[in-house]
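Here is the structure we will look at, set down as structure tokens.
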Amino acid sequence: MSEEVKGYEKLNLRGAIGFNGTVDNCLQIHPDRQNYIYALGSAVVIEDIISHQQSLLQGHSNSIVCLAVSRDGCYLASGQITHMGYKADIILWDYAEKKEITRFISHSVKVQALAFSPNAKYLVSIGGQDDGSVILWSVENLAAICGSSAQFNNAGITRCITYSNNNENMFFTGGDSILRIWQADIQNRKIHPTDCSLRQYKRTITKVLADRNDEMLYCATTSGDILAVRIGSAIVQLVFPDRDKYSLGVTSLRFLDDTSLIIGTGEGWDDSCIRGFFPETGRLMYTVNEAHKKGVTAVAAMDGGSRIISGGGEGQVRVWEVKEIPATCKKKIAAHRHRSHRCQGDRRGNEEDDRPKFFVDLLATLKEHTNAVSCIQINKNGTKCVSSSADGTCIIWNLVQVNRVIYIYIYIYT
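Each residue of the sequence shown is one higher than the last, beginning at 1 in UniProt numbering.
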């Protein structure tokens, strides 16, 4: 049916605002060092780092859940999730032309992860929980070479994949108490796994990273530690850290150089506190304890940091005033009766320290939202702010008189 018969023109997406951190390899810097690439909804966004000009690659019918960029930067690959009983597409993109090259369709319901070989001759993919297969694709011939089950039937889920840094015929997969080294026999169209011995360690592996020389594998786990496995022997050699594991697991790994490893974790503050830090040193300035009953979900600060507007999970918007008090005024600090909190930059609480101290006073609590506050923005002169909430409302507040100015409600029809 033509657009004239339909009575309206097709709308083309021109830009995207947002970021989905749940996509596998969700944010990547292109090898040209001029653009970064991420997936948002069903589109792949290529954005210039300096100008923020966007190019959008569209073609998926549902949300993109994994992304890969070839080492030479010529190709992108994206995989999606779909409905039960349907095949999930992998789209191979030409980076220079910003267009689709082909689609690989084999996995059921979800494509779990993707990885290119070092010279971009091959692309390897693993399916999700309802698929459980690993497939090696030829980028040159645009066809599948071979496939296999990613794990034993009772071995859980394979969650991540990475390619060797130097070998076109070797890649690695990890998942629920399983780590495999795969060798591809291209001539006979087969792939052969070697199961690594994790010894007594039972771990759910979320990321796998090989070092530059393909001697060691480093595996991020939901347990908050990292397994180091020697590739030659396929045996775990080291587990670190021994103590003080990351409470919400390790979510990403990257080599900074041959001796340094950057670790991304799910650990973070969720203790209903607001914290301010010195920008020069990163030291703690102050802490507002129990700022909101159900956690702090949004925060914004005026220029200079004299006031803070926070939103909470219970739907309240609170206005805080930050006061800097010289260290010589200790008696006044002790006699201060307002709800406040004092904390020094190094968190030691040494009364003899001559560094400035801070009070944070609660000026007002605004109760209009009925669900968690998701975002707060303050205007340039600091007289008004707007807050949005999961209840479908946006409210503009007067920060001088501390009251509501405009109430906006979005009706959602289903």
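The beta carbon of each residue, even a glycine, is placed where N, CA and C say it ideally should be. Note that the coordinates shown come from a computational prediction; the quantities given were computed from them, not determined experimentally.
Indicate the three-state DSSP secondary structure (helix, strand or coil) for residue i in the structure shown.
| i | result |
| --- | --- |
| I410 | coil |
| S311 | Here the sequence assigns Gly to residue 311, which means Ser is not the residue at that position. G311: strand per DSSP, three-state reduction. |
| D244 | coil |
| D303 | helix |
| F19 | coil |
| H192 | strand |
| I50 | coil |
| N381 | coil |
| M216 | strand |
| R404 | strand |
| S340 | A caution first: S340 carries a pLDDT of 43, below 50, which makes its placement in the model too unreliable to give a value. |
| Q316 | strand |
| N398 | strand |
| K99 | strand |
| N12 | coil |
| T370 | coil |
Can you give the beta carbon distance from residue i to residue j, rounded, assuming they're within the 8 Å contact cut?
| i | j | result |
| --- | --- | --- |
| L209 | L253 | 4 Å |
| R180 | D195 | 6 Å |
| Y201 | V236 | 6 Å |
| residue 473 | T383 | Given a span of 1 to 414 for the chain in the structure shown, any question on residue 473 remains unanswerable. |
Name the residue from the options whose alpha carbon lies nearest to the alpha carbon of residue i.
| i | options | result |
| --- | --- | --- |
| H52 | C66, R14 and Q80 | R14 |
| N371 | Q377, N153, N188 and I395 | I395 |
| I408 | V402, V400 and S387 | S387 |
| E100 | K110, S78, L40 and T82 | S78 |
| I274 | E47, I161, E290 and T22 | E290 |
| T259 | Y218, R404 and P279 | Y218 |
| T162 | W320, Q34 and V69 | V69 |
| R159 | L256, G128, L142 and V402 | G128 |
| K207 | E215, P193, D214 and T222 | T222 |
| I231 | K110, G249, C385 and L198 | L198 |
| Y86 | G73, V65, V109 and F240 | V109 |
| F277 | G313, A301, F255 and G264 | A301 |
| A390 | K380, I376 and G41 | I376 |
| R243 | R103, G224, D303 and S233 | G224 |
| V319 | F255, E368, R33 and A364 | A364 |
| V322 | E314, I17 and G304 | G304 |
Would residue i and residue j be called neighbours here (beta carbons separated by less than 7 Å)?
| i | j | result |
| --- | --- | --- |
| K98 | C146 | no |
| G174 | I205 | yes |
| C26 | Y36 | no |
| A150 | S133 | yes |
| D130 | C66 | no |
| residue 415 | G264 | Nothing about residue 415 can be reported from this structure: the residues present for the chain run from 1 to 414 only. |
| A220 | V250 | yes |
Tell me whether residue i, by its Cβ, gets closer than 6 Å to a heavy atom of the ligand HEM.
| i | result |
| --- | --- |
| Q112 | Questions concerning the ligand HEM fall outside what the structure shown contains, since it holds no ligand whatsoever. |
Legend entry - Inter-stretch contact at 8 Å, needing at least 3 Cβ pairs: the segment 108-126 / the segment 76-94: yes
Inset, instruction - Report yes or no: do the segment 157-172 and the segment 120-130 share at least 3 C-beta pairs separated by less than 8 Å? - result: Segment contact: the segment 157-172 against the segment 120-130, three or more CB-CB distances shorter than 8 Å; contact assigned.
Inset, instruction - For the segment 356-366 and the segment 306-319, state whether three or more C-beta atom pairs, one from each stretch, are separated by less than 8 Å. - result: yes
Inset, instruction - Spell out a yes or no on whether the segment 147-160 and the segment 53-61 are touching, meaning 3 or more CB-CB pairs, one atom from each, closer than 8 Å. - result: no
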